[in-house]
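Working notes for the structure below.
Residue numbers (UniProt numbering): 1 to 311.
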């Protein structure tokens, strides 16, 4: 693959899924196509993601919670509410509030406290904007939801992993949404790169922390958030120079990966509902109450999807 080439047909990632009573784990199979670069430190191919473990209900005292482990990146998301909105101007608003905060644990990485705080503020704004576009806030007038994300370990792709964790936690809290949100991060190795690492122009999916540090100066990154059932983008952020050809390839690859992750997020939530139904049955809950638990994952897909130009 070289700069300026037309985007190839992107194959949908295929993988195996191991389920347990509390989690769904996605373990991607090796890519079928020839590797674009065999020099990744982890041994993965260029278009291969890390293993991803998803779990909901990780925080007992929260209205909803989720835990994501993507490679060595570990994030826990918690949702509290709904509560009465006391923020200025919110009492008479026609829509509810979604208040999100992302923080890095002191032991999450070797980065300085100032650097983590700066990234936390940046990621908080992007995540809140993305989630506000899918949560049906007009149905929660004069109320607020608090969403907290704690990065326990930072090994790359924090933004998109946090997006998935927050979306799962909101669904676990039975907050009405248009769809779940899944994400993927893709890097483009800068032109002129040399040495034992990936060659110039290589597109790398889901870089870990070490790979991000070793990318040559001038490399670019693209973060994408997707509503998998509706096919609508809710987050698209890039940094660095992105020529038209590689940009389209990166978007298509990220969308395809996000769709696969989104399917496993839904499977994880369905497993959660099944466990709740089984628990209620063991406790002698009436069949009507148990059947009502199917509404735990509340999605409104009636809105018309927006054509984003990437089919």
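Beta carbons are placed, not taken as given, at the ideal position from N, Cα and C, and that holds for glycine.
Residue 53 burial status per 10 Å Cβ neighbour count (16 or more: buried):
Translated into the one-based positions of the chain shown, residue 53 becomes position 53. Buried: at least 16 other Cβ atoms inside 10 Å.
Secondary structure of residue 107, DSSP reduced to three states:
Within the chain shown, residue 107 is the residue found at index 107, counting from 1. Coil, per DSSP.
Nearest-angstrom beta carbon gap, residue 161 and residue 249 [assumed within contact, 8 Å]
In the chain shown, counting from the first residue as 1, residue 249 sits at position 249. In the chain shown, counting from the first residue as 1, residue 161 sits at position 161. Actually they are not in contact, since the Cβ atoms of residue 249 and residue 161 sit about 22 Å apart, beyond 8 Å.
My assumption, with CB atoms under 8 Å, is that residue 235 sits in contact with residue 163. Please give the rounded CB distance.
Within the chain shown, the letter at position 235 stands for residue 235. Within the chain shown, the letter at position 163 stands for residue 163. Confirmed, Cβ separation roughly 7 Å.
Limits of the unbroken alpha helix (DSSP H) element including residue 273:
By 1-based counting over the chain shown, the position of residue 273 is 273. First-last of the alpha helix (DSSP H) with residue 273: 244–282.
Spatial neighbours of residue 134 in its chain, beta-carbon cut-off 7 Å, leaving aside the 5 residues before and after:
Stepping through the chain shown from its first residue, residue 134 is reached at position 134. Excluding residues within five positions, the ones whose Cβ falls inside 7 Å are 177, 178, 179, 181, 227, 234.
Quick one: grab the DSSP three-state call for residue 35.
By one-based count along the chain shown, residue 35 stands at place 35. Only weak support exists for where residue 35 lies, its pLDDT of 37 falling under 50; the value from the coordinates is given anyway. Coil.
Kindly indicate the opening and closing residues of the alpha helix (DSSP H) around residue 113.
Within the chain shown, the letter at position 113 stands for residue 113. That run of the alpha helix (DSSP H) goes 113–132.
Beta-carbon proximity list for residue 30, same chain, < 6 Å, skipping 5 on both sides
Against the chain shown, residue 30 aligns to sequence position 30. Unreliable positioning characterises residue 30 in this predicted model, as indicated by a pLDDT of 47, which lies under 50. A coordinate reading is not provided.
Which residue's Cα is closest to the Cα of residue 158: 142, 129, 75, 219?
Sequence index remark: in the chain shown, residue 158 carries index 158 (1-based). Among 142, 129, 75, 219, the Cα nearest to that of residue 158 is on 75.
Assuming the contact rule is C-beta atoms closer than 8 Å, residue 131 and residue 100 should be a hit. Round their C-beta distance to whole Å, please.
On the chain shown, residue 131 is found 131 positions in, with the first residue counted as 1. On the chain shown, residue 100 is found 100 positions in, with the first residue counted as 1. Residue 131 to residue 100, Cβ: 7 Å. Contact.
Counting pairs of beta carbons, one from the stretch 59–68 and one from the stretch 78–85, are three or more of them closer than 8 Å?
yes
N-terminal and C-terminal residue of the beta strand (DSSP E) that residue 158 is part of
The residue you call residue 158 lines up with position 158 of the chain shown. That residue, residue 158, is in no beta strand (DSSP E); its alpha helix (DSSP H) goes 158–172.
Indicate whether the contact test is met: 3 or more Cβ pairs, each with one atom in the stretch 142–154 and one in the stretch 106–125, closer than 8 Å.
yes
Where residue 239 and residue 49 are concerned, what is the direct C-alpha to C-alpha distance, given to the nearest angstrom?
What you label residue 239 is simply residue 239 of the chain shown in a count that begins at 1. What you label residue 49 is simply residue 49 of the chain shown in a count that begins at 1. The alpha-carbon atoms of residue 239 and residue 49 are separated by roughly 20 Å.
When you compare only the Cα positions, how much space is there between residue 167 and residue 57?
Within the chain shown, residue 167 is the residue found at index 167, counting from 1. Within the chain shown, residue 57 is the residue found at index 57, counting from 1. Rounded to whole angstroms, residue 167 to residue 57 spans 13 Å at the Cα level.
Could you work out which residue in 208, 191, 146, 230 is closest to residue 246 when comparing CA atoms only?
Walking along the chain shown from the start, residue 246 turns up at place 246. Cα-wise, what sits closest to residue 246 is 191.
CA-CA distance, residue 148 and residue 45?
Residue mapping note: residue 148 aligns to position 148 of the chain shown, counting from 1. Residue mapping note: residue 45 aligns to position 45 of the chain shown, counting from 1. Distance between the alpha carbons of residue 148 and residue 45: 33 Å.
Excluding the five sequence neighbours on either side, which residues of its own chain have a C-beta within less than 6 Å of the C-beta of residue 208, listed in chain order?
For the purposes of this step, residue 208 is taken as residue 208 along the chain shown, with counting starting at 1. 71, 155, 156, listed in sequence order.
Thinking C-alpha only, which one of 86, 189, 129, 146 is nearest residue 241?
As a first step, residue 241 must be located in the chain shown, where it is residue number 241. When only C-alpha atoms are compared, the closest one is 189.
Separation of residue 213 from residue 41, as counted between CA atoms
Walking along the chain shown from the start, residue 41 turns up at place 41. Walking along the chain shown from the start, residue 213 turns up at place 213. In a straight line, the C-alpha of residue 41 is about 12 Å away from that of residue 213.
Here's the rule I'm using: 16 or more other beta-carbon atoms within 10 Å means buried, otherwise exposed. How should residue 139 be labelled?
Translated into positions along the chain shown, residue 139 becomes position 139. It is exposed - the Cβ of residue 139 has fewer than 16 other Cβ atoms within 10 Å.
Here's the rule: buried if 16 or more other CB atoms are within 10 angstroms of the residue's CB, otherwise exposed. What is residue 137?
Residue numbering aside, residue 137 sits at position 137 when the chain shown is read from its first letter. Buried: at least 16 other Cβ atoms inside 10 Å.
Classify residue 83 as helix, strand or coil using the three-state DSSP reduction.
Taking the chain shown and counting its residues from 1, one reaches residue 83 at position 83. Strand at residue 83.
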